[in-house]
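These protein sequence lines are chains G and B, in that order.
To convert a position in the first sequence, counted from 1, into this note's numbering, add 7.
To convert a position in the second sequence, counted from 1, into this note's numbering, add 51.
As structure tokens, the structure follows; a few thoughts come after it.
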Amino acid sequence: MGVKKTVVALLGVVGLLFGTAGTALAYEPVNVVHTEQVQAGPYALTVGFSTWPVKALQSLDFTFVPDGGIADKSGTLSLARPGGRRSVEPDPLVRHPRKLDVWGLDITALPDPGEWKFTFTVDGPDGSGTGELVLPVQEQPGPPMGLSWAVSTVPLFGLVALIVIAWRRTREDTSV
Amino acid sequence: MDLTASRASVAATTRTVPRGVTAASFVLGGTVLSLTGLTWDIQWHSDVGPDTFFTLPHLLLYSGSAFSGIASLVVVLLTTAAQRAGRPVDPTVGGRAVAVFGRTFAAPVGYLISGIGAASFLIYGLWDQWWHGLYGFDAVIASPPHIGLLLSITITMVGAVMVFAVVRSRTWGAAWALISLAVLLTFSTVTAIGLSQIDVGNLNTVTIGLSFLCVLIVVMGARLLDRPGGALGVAVAVAVLQGVYWWFSPWATRVYADSTGLPLRDYVVGVPGLPALMPMCLLLVAVVIEGLLVLGRRDGRSLKVFGLVAGAIGGLLVAALAPVQNNLLYGNGFPQVSGIVGTAVAGLVFGAAGGLLGVRFGGMLRHLAPVREGR
Numbered sequence: 008m009g010v011k012k013t014v015v016a017l018l019g020v021v022g023l024l025f026g027t028a029g030t031a032l033a034y035e036p037v038n039v040v041h042t043e044q045v046q047a048g049p050y051a052l053t054v055g056f057s058t059w060p061v062k063a064l065q066s067l068d069f070t071f072v073p074d075g076g077i078a079d080k081s082g083t084l085s086l087a088r089p090g091g092r093r094s095v096e097p098d099p100l101v102r103h104p105r106k107l108d109v110w111g112l113d114i115t116a117l118p119d120p121g122e123w124k125f126t127f128t129v130d131g132p133d134g135s136g137t138g139e140l141v142l143p144v145q146e147q148p149g150p151p152m153g154l155s156w157a158v159s160t161v162p163l164f165g166l167v168a169l170i171v172i173a174w175r176r177t178r179e180d181t182s183v
Numbered sequence: 052m053d054l055t056a057s058r059a060s061v062a063a064t065t066r067t068v069p070r071g072v073t074a075a076s077f078v079l080g081g082t083v084l085s086l087t088g089l090t091w092d093i094q095w096h097s098d099v100g101p102d103t104f105f106t107l108p109h110l111l112l113y114s115g116s117a118f119s120g121i122a123s124l125v126v127v128l129l130t131t132a133a134q135r136a137g138r139p140v141d142p143t144v145g146g147r148a149v150a151v152f153g154r155t156f157a158a159p160v161g162y163l164i165s166g167i168g169a170a171s172f173l174i175y176g177l178w179d180q181w182w183h184g185l186y187g188f189d190a191v192i193a194s195p196p197h198i199g200l201l202l203s204i205t206i207t208m209v210g211a212v213m214v215f216a217v218v219r220s221r222t223w224g225a226a227w228a229l230i231s232l233a234v235l236l237t238f239s240t241v242t243a244i245g246l247s248q249i250d251v252g253n254l255n256t257v258t259i260g261l262s263f264l265c266v267l268i269v270v271m272g273a274r275l276l277d278r279p280g281g282a283l284g285v286a287v288a289v290a291v292l293q294g295v296y297w298w299f300s301p302w303a304t305r306v307y308a309d310s311t312g313l314p315l316r317d318y319v320v321g322v323p324g325l326p327a328l329m330p331m332c333l334l335l336v337a338v339v340i341e342g343l344l345v346l347g348r349r350d351g352r353s354l355k356v357f358g359l360v361a362g363a364i365g366g367l368l369v370a371a372l373a374p375v376q377n378n379l380l381y382g383n384g385f386p387q388v389s390g391i392v393g394t395a396v397a398g399l400v401f402g403a404a405g406g407l408l409g410v411r412f413g414g415m416l417r418h419l420a421p422v423r424e425g426r
């Protein structure tokens with residue numbers, strides 16, 4: 008193939024790549040398929056999930072919507088893993104980056120199965136209130152993590168093998 | 052793959068097959084693209100969020116491996132063609148050529164490694180795609196396929212170091228060898244996050260891993276050049292990368308978010324993710340290592356003693372100063388004293404091991420093509 012044809016083919020590939028990138032860049036909307044209710048003092052809070060049931064390691068969008076909206080309110084969220092290990096300090100409730108009229112967590116995965124505790128503190132015109140949601144998280148789908156890690160660390164073992172080969176074939180220098 | 056014997060006809064010649072500088076530039080340039088894509092991607096997830104396969108930071112990451120991989124493949128094919136045609140093959144282009152798949156290919160060892168890393172990246176890209184299909188687009192670094200991808204790029208970066216180690220007798224070769232080590236070190240700070248999966252009480256396994264890697268690579272730089280400036284050169288290049296990315300990562304993220312009409316997250320911390328991971332005490336560590344090297348030479352010490360002492364001090368400095376750096380940048384306070392002390396002691400031990408290995412690995416790089424120094 009001549010140089011001209013090669014250049015044309017390469018330009019075609021680049022064109023296809025960037026031409027289709029626009030479609031791929033259309034970010035998924037937040038689709039809530041299940042909701043739970045939490046009462047945080049005077050505030051009723053609707054917790055939305057983009058997948059249900061929630062499984063360990065499977066990421067999803069969470070939405071947190073107090074009655075009357077988030078405009079005049081602020082708050083914090085603290086996550087506790089199964090077994091009672093709480094996050095060091097509560098994080099502020101923030102707007103969901105793809106659904107800015109509600110609070111949320113985007114593409115977040117809970118790593119362990121079991122009962123997670125979501126503790127909400129909401130501050131607003133009616134004062135402050137705290138509420139808790141106990142969320143059951145099922146076992147992770149897919150292969151066991153040990154196997155996944157074994158597959159993923161093959162390059163590391165390859166690197167070690169390379170080092171061992173080089174080590175055995177080179178002499179060791181002694182003085183500085 | 053047969054690494055036992057070189058069947059390529061190797062001859063010292065002034066002619067290069069192919070021209071070494073161009074291919075080497077592509078391999079190193081590819082690794083820099085990968086590193087730039089990574090720092091941008093980390094910042095994107097931290098400050099903006101949404102993920103797809105075709106974000107610009109992802110495209111930089113992919114194209115980095117593509118550049119390095121294609122350049123490596125071209126060198127291997129040209130070397131194979133040269134060998135088959137009976138033309139001399141210059142061993143300063145990527146190192147001694149080794150036979151691959153019997154006698155099918157003659158591959159300069161540096162380009163062979165960088166090419167294997169790029170090919171591995173492709174395979175782990177498929178694994179990552181499958182993973183995201185099953186688990187969703189979780190924006191975590193320490194997922195198994197992400198670590199597989201990062202390790203693949205690391206192998207390409209090791210190949211780049213080997214390519215330049217062969218030409219270290221030339222000024223540009225020495226400078227680029229140190230820069231390629233700095234790129235490897237900077238990139239490895241992210242791979243080290245995978246160590247967070249190992250739970251050892253209140254010890255910070257990521258910091259311990261960083262202590263080991265920093266000392267290992269800086270001592271390698273010192274040993275590779277075997278003259279003053281190797282350790283410091285790596286540390287200065289790391290500092291330059293840290294400075295550039297400190298500005299670039301948030302800037303590129305803001306510009307890209309604006310262009311796609313996405314807002315920044317609420318409560319953006321304002322500290323660039325990857326540059327903040329990099330130890331800021333590395334220049335100090337390098338000065339200590341250079342000093343110890345001078346003392347070692349004066350007193351005729353053994354390389355092992357030098358590696359052990361330099362590594363231990365360097366590892367201790369990196370591990371002990373990490374909480375100080377984190378508190379300065381994020382203002383989160385300090386972890387428990389027992390955790391700080393335990394991590395610092397582990398940093399000293401792993402640093403000593405890193406120093407010993409750094410000396411040996413640097414020596415191994417020198418053996419790739421023993422050349423007359425100081426030209």
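C-beta atoms are modelled at their ideal positions from N, C-alpha and C, and glycine is treated no differently.
As the structure is a prediction and not an experimental result, all values here were calculated from the model.
Practice problem: Measure the C-alpha to C-alpha separation of Leu202 of chain B and Thr160 of chain G and round it to an integer number of angstroms. | Solution: Looking at the two C-alpha atoms, the distance is approximately 8 angstroms.
Quiz item: Between Leu142 of chain G and chain B, is there a C-beta pair that is closer than 8 angstroms?
Solution: Interface with chain B (8 angstroms Cβ-Cβ cutoff): Leu142 of chain G is excluded.
Quiz item: Do you know how far the Cα of Val40 of chain G is from the Cα of Thr207 of chain B?
Solution: Cα-Cα distance, rounded: 43 angstroms.
Quiz item: For a contact meaning CB atoms closer than 8 angstroms, what does Leu124 of chain B contact in chain G?
Solution: Residues of chain G passing the Cβ test: none, with the nearest at roughly 15 angstroms.
Self-check item: chain B contact for Gly165 of chain G (CB, 8 angstroms cutoff)
Solution: Yes, Gly165 of chain G lies at the interface with chain B (some Cβ there is under 8 angstroms from its Cβ).
Exercise. Tell me Phe385 of chain B's beta-bridge partners as DSSP assigns them.
Key: The partner list for Phe385 of chain B (beta bridge, DSSP) is empty, contrary to what the question assumes.
Quiz prompt | 7 angstroms Cβ shell around Gly120 of chain B - same chain, five flanking residues per side excluded | solution = The residues are Gly166, Ala169 and Ala170.
Practice problem: Give the single residue among G:Leu64, G:Gly91 and G:Val45 whose Cα lies nearest to the Cα of Phe71 of chain G. | Solution: With distances taken between Cα atoms, Phe71 of chain G lies closest to G:Val45.
Self-check item: Buried or exposed (CB count within 10 angstroms, at least 16 for buried), Ser116 of chain B
Solution: Looking at its Cβ environment, which holds 16 or more other Cβ atoms inside 10 Å, Ser116 of chain B is buried.
Quiz prompt | Where the beta strand (DSSP E) containing Tyr162 of chain B begins and where it ends | solution = That residue, Tyr162 of chain B, is in no beta strand (DSSP E); its alpha helix (DSSP H) goes Val160 to Tyr186.
Exercise. Determine the contact status of Leu276 of chain B and Tyr296 of chain B, defining contact as a CB-CB distance below 8 angstroms.
Key: No, these two residues do not count as a Cβ contact at 8 angstroms.
Quiz item: Can you name the residues of chain B whose CB is closer than 8 angstroms to the CB of Trp174 of chain G?
Solution: What Trp174 of chain G touches in chain B: Arg411 and Met415.
Exercise. Give every residue of the same chain whose Cβ lies closer than 7 angstroms to the Cβ of Gly100 of chain B, excluding the five residues on either side of it in the sequence, and list them in chain order.
Key: Excluding sequence positions up to five before and after Gly100 of chain B, its CB lies within less than 7 angstroms of the CB of Arg316, all in the same chain and listed in chain order.
Quiz item: From Ala288 of chain B to Val78 of chain B, what distance separates their C-alpha atoms?
Solution: Our two residues, Ala288 of chain B and Val78 of chain B, have alpha carbons roughly 18 angstroms apart in a direct line.
Quiz item: Helix, strand or coil for Thr304 of chain B per DSSP?
Solution: Assigned with DSSP and collapsed to three states, Thr304 of chain B falls in helix.
Quiz item: If the cut is a Cβ gap below 9 angstroms, which residues of chain G does Ser220 of chain B touch?
Solution: Those within 9 angstroms of Ser220 of chain B in chain G number zero; the least Cβ separation is about 17 angstroms.
Practice problem: If I'm right that Met271 of chain B touches Phe412 of chain B with Cβ under 8 angstroms, what's the distance once you round it to whole angstroms? | Solution: With a contact defined as Cβ atoms closer than 8 angstroms, Met271 of chain B and Phe412 of chain B qualify at about 5 angstroms.
Exercise. Go through its chain and collect everything with a Cβ distance to Asp132 of chain G's Cβ below 7 angstroms, but skip five positions before and after it.
Key: The sequence given here has Pro at residue 132 of chain G, not Asp. Contacts found: Asp79.
Quiz item: In three-state terms, what does DSSP make of Pro3 of chain G?
Solution: Because chain G is modelled from 8 through 183, residue 3 of chain G falls outside the range shown and cannot be assessed.
Quiz item: For Asn420 of chain B versus Gly80 of chain B, is the C-beta distance shorter than 8 angstroms?
Solution: Just to set this straight, residue 420 of chain B is Ala in the shown sequence, not Asn. The answer is no: Cβ separation not under 8 angstroms.
Practice problem: Count the other C-beta atoms from every protein chain shown that fall within 10 angstroms of the C-beta of Asp98 of chain B, then say buried if there are 16 or more, exposed otherwise. | Solution: Per the 10 Å Cβ criterion, buried.
Quiz item: Can you name the start and end residues of the alpha helix (DSSP H) that Ile184 of chain G belongs to?
Solution: Not covered by the structure: residue 184 of chain G. The range shown for chain G is 8 to 183.
Quiz item: Quick one, which of B:Thr155, B:Thr205 and B:Val241 has its alpha-carbon nearest Leu232 of chain B's?
Solution: Of B:Thr155, B:Thr205 and B:Val241, the smallest CA-CA separation from Leu232 of chain B is found for B:Thr205.
Quiz item: Ordered along the chain, which non-local residues of its own chain (more than five positions away) have a Cβ less than 6 angstroms from that of Phe215 of chain B?
Solution: Residues Gly224, Trp227, Ala228 and Ser231 of the same chain have their beta carbon placed closer than 6 angstroms to that of Phe215 of chain B, with the five preceding and five following residues left out of the count.
Quiz item: From this set, G:Ser81, G:Leu154, G:Ile172 and G:Pro143, which residue's C-alpha is nearest Pro120 of chain G's C-alpha?
Solution: Measuring C-alpha to C-alpha distances from Pro120 of chain G to each of G:Ser81, G:Leu154, G:Ile172 and G:Pro143 identifies G:Pro143 as the nearest.
Quiz item: Which residues of chain G have a Cβ atom closer than 8 angstroms to the Cβ of Leu236 of chain B, listed in chain order?
Solution: Correct list: empty, because the minimum Cβ distance to chain G is about 15 angstroms.
Quiz item: Taking the C-alpha atoms as reference points, what is the distance between Gln293 of chain B and Cys332 of chain B?
Solution: Each residue's Cα considered, the two are about 12 angstroms apart.
Quiz item: So is Gly199 of chain B in contact with chain G if we call contact Cβ pairs under 8 angstroms?
Solution: Under the Cβ distance rule, Gly199 of chain B counts among the residues neighbouring chain G, one pair being separated by less than 8 angstroms.
Quiz item: Rounded to the nearest angstrom, how far is the Cβ of Glu146 of chain G from that of Ala63 of chain G, given a contact under 8 angstroms?
Solution: About 6 angstroms separates the CB atoms of Glu146 of chain G and Ala63 of chain G; that is less than 8 angstroms, so the two are in contact.
Exercise. Indicate whether Ala361 of chain B and Leu343 of chain B have their beta-carbon atoms separated by less than 8 angstroms.
Key: The Cβ atoms of Ala361 of chain B and Leu343 of chain B lie closer than 8 angstroms to each other.
Quiz item: Are there three or more Cβ pairs, one per stretch, closer than 8 angstroms when the region 395-408 of chain B is compared with the region 352-366 of chain B?
Solution: The region 395-408 of chain B, when compared against the region 352-366 of chain B, does touch it at the 8 angstroms Cβ threshold.
Practice problem: Return yes when the C-beta of Asn253 of chain B is under 7 angstroms from any heavy atom of the ligand GDP, and no when it is not. | Solution: Questions concerning the ligand GDP fall outside what the structure shown contains, since it holds no ligand whatsoever.
Exercise. Assign Asp74 of chain G to buried or exposed, taking buried as 16 or more other Cβ atoms, counted over all protein chains shown, within 10 Å of its Cβ.
Key: Around the beta carbon of Asp74 of chain G, fewer than 16 other beta carbons sit within 10 angstroms, so the residue counts as exposed.
Exercise. Quick one: which unbroken alpha helix (DSSP H) runs of 4-plus residues sit fully inside the region 248-314 of chain B? Chain order, please.
Key: List check, alpha helix (DSSP H) in window: 256-276 and 281-311.
Quiz item: Which of the three DSSP states, helix, strand or coil, is assigned to Ser353 of chain B?
Solution: Looking at Ser353 of chain B - three-state DSSP - the assignment turns out to be strand.
Quiz prompt | Close-in-space but distant-in-sequence residues of the same chain around Pro386 of chain B (CB under 8 angstroms, 5 per side omitted) | solution = If the five residues before and after Pro386 of chain B are omitted, its C-beta is found closer than 8 angstroms to the C-beta atoms of Asn253, Asn255 and Pro374, all from its own chain and listed in chain order.
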